[in-house]
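In this note's numbering, the protein residues as written are 78 to 554.
Think of the CB as a built atom: it goes at the ideal place given N, C-alpha and C, for glycine as much as any other residue.
Okay, so here's the structure we're looking at.
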Amino acid sequence: MSQNHEVVWASCLNFIKDNVNRQSYKTWFEPIKPISLDKQVLTIQVPSLFFYEWLEEHYVNLMKKAIKKELGNEAKLEYNIVVENSSGSKKPYTINMPGHPATNGHEQGVNIPMDISGSIKNPFVIPGLKKVSIDPQLNPNYVFDNLIEGECNRLARSAGLAVAKKPGGTSFNPLMIYGGVGLGKTHLVQAIGNSIKHDYKSKVVLYVQSEKFINQFIDSIKTNSVNDFINFYQLIDVLIVDDIQFLSGKERTQDIFFHIFNHLHQNGKQIILTSDRAPKDLTGIEERLLSRFKWGLSADLQAPDFETRVAILENKMYMDGIELPKEVREYIAYNISTNIRELEGALISLLAHSSINRAPIDLNISKEILKNFINNVSKELTIDHIQTLVCEHYEMPIDLLKSKTRKREIVQARQISMFLAKKFTKTSLANIGKYFGGRDHSTVIHACQTVTNLMDTDTLFKEQVEDLQKKITINYN
Ligand code: ADP
Ligand code: MG
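Next comes the structure, spelled out in structure tokens:
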């Protein structure tokens, strides 16, 4: 067949024209330029990736019919997509239409040459890829059983469970988990993956860090195998991409991810994403991707509360077969409040020290060992801390604050501590009283009033209290 690409495309258009309405024809087909014809592979140029995806989504069968009519059953279509590069100048590169493995390369106006050998290379370096042989890249230790539930993760965890039961079959697609460092994002999404792998043996699950995804994509450009890269990811049934904030500013990678995302989503495949911030705060990510992230469910992970931290520690100890006195567990949980990874780190250093010194771990040893650790992490402001600060300031032992002593300086230090406790913690008056040797709430009210009055009349006193407040806000806010 020695036909000319323009003639072939013109005939295709005639057929297409008869099968779509005028507006669609004008919008989607008139802008297409035929580029080349090589044996039975017709290459057409489209103005954007979006355009390509639209065609693929809405007109793929019609176009298939049209070119087969012209070029026979072996006919294939290739796209030359004009992709805007970062410098703003337009340089087209080609992407093969999925489902139409092309036979051989012809790369007109090509910016990224493609490997279109037909065989799919697995970027996770598993030779001779078959669907079932894709290693999910999951850590078997991250499961739901050891992911302790608390107020901090209830929604995310139960959405994760729902997705694990029916991957691709819930409205949580994509499922987007976001939250700060060390709050359990990776653990949760890996637990989903492990559960699916367990219940649905034939489903292809893949966990990938977004940095790895980016690097694989860059490598695929270098080795002319972008096509393989795309095809590989389109095989996945459950795709988990961790820390997608790293895609920020990576326009090319975002384009490819968008493409893969659409393909998977349209085919009812499950997509699970994590990010260290809420979707609305993801700068440097294209709007069209962000809007897709919002199609499903976004659930956040908060810092765990005290009870959950204790439960996590106890579970961890149980798994490791170790025991710690209750006061030590509570000491750790009390002082390390913002990051579960640090909580585990503290536990590990305690174990290391005790096994080296062959000594049981008590509260004093723990305090000593964890001193540096705890100074480095942010603390919740507690009445204990306020008492410590005030007593340091007045150079007196804490016990005196809780004693019955009516000595003037001590009464004053006690009243200031109560006043600060009221001001800087959410503790109730009655509870504050308990912290000061079991006094009742009216004593606390009286203390707060006395301090306020004194501050109004005594400038020296006022300065002292303000100094203390400054110390508190510097150290704890
Ligand atoms: P992120 O990915 O958000 O930075 P990770 O998933 O790596 O956090 O979690 C940090 C550590 O805390 C991991 O060892 C994880 O097992 C543990 N962890 C997090 N959340 C929980 C939880 N709810 N129960 C038990 N362990 C948890
Ligand atoms: Mg993580």
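Counting along the chain, where does the beta strand (DSSP E) carrying residue i start and finish?
i: Tyr284; result: 282-286
i: Ala376; result: 374-378
i: Glu256; result: Before going further, note that residue 256 is Gly rather than Glu in the sequence given. 252-256 is the span of the beta strand (DSSP E), which, as asked, contains Gly256.
i: Ser432; result: From DSSP, Ser432 is part of no beta strand (DSSP E) but of the alpha helix (DSSP H) over 417-434.
i: Gln122; result: 118-123
i: Asp115; result: 110-115
Between the alpha carbons of residue i and residue j, how many angstroms are there, rounded?
i: Asn392; j: Asn218; result: 13 Å
i: Lys511; j: Val488; result: 16 Å
i: Gln293; j: Pro213; result: 16 Å
i: Gly514; j: Lys481; result: 8 Å
i: Ala423; j: Asn449; result: 10 Å
i: Tyr102; j: Thr120; result: 19 Å
i: Ala376; j: Arg354; result: 11 Å
i: Phe383; j: Ser414; result: 7 Å
i: Ser562; j: Ile493; result: This structure cannot speak to residue 562, because the chain is shown only from 78 to 554.
i: Gln185; j: Ile112; result: Low confidence applies to Gln185: its pLDDT is 30, below 50, so where it sits in the model is not reliable enough to give any reading.
i: Lys94; j: Asp222; result: 58 Å
i: Asn250; j: Ile399; result: 40 Å
i: Arg234; j: Glu226; result: 7 Å
i: Lys357; j: Leu390; result: 33 Å
i: Asn271; j: Tyr471; result: 56 Å
i: Asn157; j: Asp305; result: 17 Å
What does the Cβ neighbour count give for residue i, buried or exposed, with the cut at 16 atoms within 10 Å?
i: Gln526; result: exposed
i: Tyr129; result: buried
i: Asp544; result: exposed
i: Gln80; result: exposed
i: Gln100; result: exposed
i: Thr104; result: exposed
i: Ile193; result: Bear in mind that a pLDDT of 29 at Ile193, under 50, signals an unreliable position, so the number given afterwards is only what the model happens to contain. So Ile193 counts as buried.
i: Ala507; result: exposed
i: Ile433; result: exposed
i: His54; result: Nothing can be reported for residue 54: it is not among the residues displayed for the chain, which extend from 78 to 554.
i: Ser443; result: buried
i: Glu147; result: buried
i: Leu537; result: exposed
Closer than 6 Å by C-beta to residue i: which residues in its own chain qualify, once you throw out the five before and the five after it? Chain order, please.
i: Glu288; result: Phe323
i: Pro124; result: Pro108, Val159
i: Phe86; result: Before going further, note that residue 86 is Trp rather than Phe in the sequence given. If we look at Trp86 and ignore the five residues flanking it on each side, its Cβ neighbours are Pro111.
i: Val282; result: Pro213, Gly270, Ile273, Lys274, Val315
Where do the ends of the alpha helix (DSSP H) carrying residue i lie?
i: Lys274; result: 262-276
i: Lys499; result: 485-501
i: Ile307; result: 303-311
i: Ser235; result: 231-242
i: Asp461; result: 460-471
i: Ser368; result: 364-370
i: Thr534; result: 518-534
i: Leu316; result: Run containing Leu316: none in the alpha helix (DSSP H); it sits in the beta strand (DSSP E), 315-319.
i: Thr385; result: 383-397
i: Ser210; result: Unbroken run through Ser210: none, as it is neither H nor E.
i: Thr330; result: 328-343
i: Leu477; result: 476-479
Going along the chain, which residues of its own chain have a beta-carbon closer than 7 Å to the beta-carbon of residue i, five neighbours each way excluded?
i: Gln267; result: Leu215, Asn216, Tyr219, Tyr284
i: Leu359; result: Gln322, Ser325, Ser352, Leu367
i: Leu466; result: Leu545, Lys548, Ile549
i: Glu151; result: Gln117
i: Asn339; result: Glu130
i: Gln286; result: Asp319, Asp320
i: Leu428; result: Ile399
Write down the C-beta distance between residue i and residue j rounded to the nearest angstrom, noting that I regard them as a contact closer than 8 Å.
i: Lys327; j: Ile291; result: 6 Å
i: Leu350; j: Phe335; result: 13 Å between Cβ atoms; not a contact.
I'd like the list of long-range same chain contacts for residue i, defined as Cβ closer than 8 Å, with 5 residues on each side in sequence excluded.
i: Leu378; result: Cys229, Asn230, Ala233, Ile254, Tyr255, Gly256, Gly257, Leu260, Gly261, Lys262, Leu265
i: Asp517; result: Ala507, Gly510
i: Met140; result: Cys89, Ile93, Leu132, Leu154
*For the ligand SAM, enumerate in chain order all residues having a CB closer than 7 Å to any of its heavy atoms.*
Annotation note on the ligand SAM: not contained in the displayed structure, which lists the ligand ADP and the ligand MG as its ligands.
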